[in-house]
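In my numbering, the protein residues as written are 3 to 134. C-beta atoms are modelled at their ideal positions from N, C-alpha and C, and glycine is treated no differently. A short write-up of the structure that comes next.
This is the structure in structure tokens:
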């Protein structure tokens, strides 16, 4: 399953415009199987209820932020294998370190292009394929 177009994505962001942008970029990459969640709690419920292959999550959100979502995913045996790409407006070093320590598969700073997103997703999938 190394081809990103076969993957089912969950895009998590409290800002609907940002979810639409990410979803649009994924669609341009050929990834049409994509659902959205407006915060970490909604995302976690969706991840437990249905099968997803890849999570793209904002960090700053109400109810449950991206770091809490990431920790919840990594603490759950049924979904801890999922790659999580963290998205944020701030390129703070401590956020990048925390994301890596918490098990994020990658980190991307807004605004980003289709090429940046595509490269990150492909790198993450290659890494997963190598460890599978």
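Item, Value
"Since residue 110 and residue 100 are thought to touch, with beta carbons under 8 Å apart, how far apart are those beta carbons, to the nearest angstrom?", "Not quite, the Cβ-Cβ distance comes to about 15 Å (not below 8 Å), so this is no contact."
"One question on the structure: do residue 123 and residue 6 come within less than 8 Å of each other, judged by their Cβ atoms?", "yes"
"Comparing alpha-carbon positions, which option in 76, 64 and 43 lies nearest residue 136?", "Nothing can be reported for residue 136: it is not among the residues displayed for the chain, which extend from 3 to 134."
"To which residues of the same chain is residue 116 closer than 8 Å at the C-beta, ignoring the five residues directly before and after it?", "27, 30 and 31"
"Might you give, ordered along the chain, the residues of its own chain that have their beta carbon closer than 6 Å to the beta carbon of residue 3, omitting 5 neighbours on each side?", "With a pLDDT of 44 at residue 3, under the threshold of 50, the modelled position of that residue is not reliable, and the figure given next carries that caveat. Closer than 6 Å at the Cβ level, and outside the excluded window around residue 3, lies no residue."
"With a CB to CB cut of under 6 Å and the five nearest residues on each side skipped, what residues in its chain are close to residue 38?", "13 and 21"
"Beta carbon of residue 81, beta carbon of residue 69: below 8 Å?", "no"
"Specify the secondary structure class of residue 108 as computed by DSSP and reduced to three states.", "strand"
"Taking the C-alpha atoms as reference points, what is the distance between residue 55 and residue 104?", "18 Å"
"From the DSSP output, in three-state form, read off residue 21 for me.", "helix"
"Could you tell me which residues DSSP puts in a beta bridge with residue 38?", "13"
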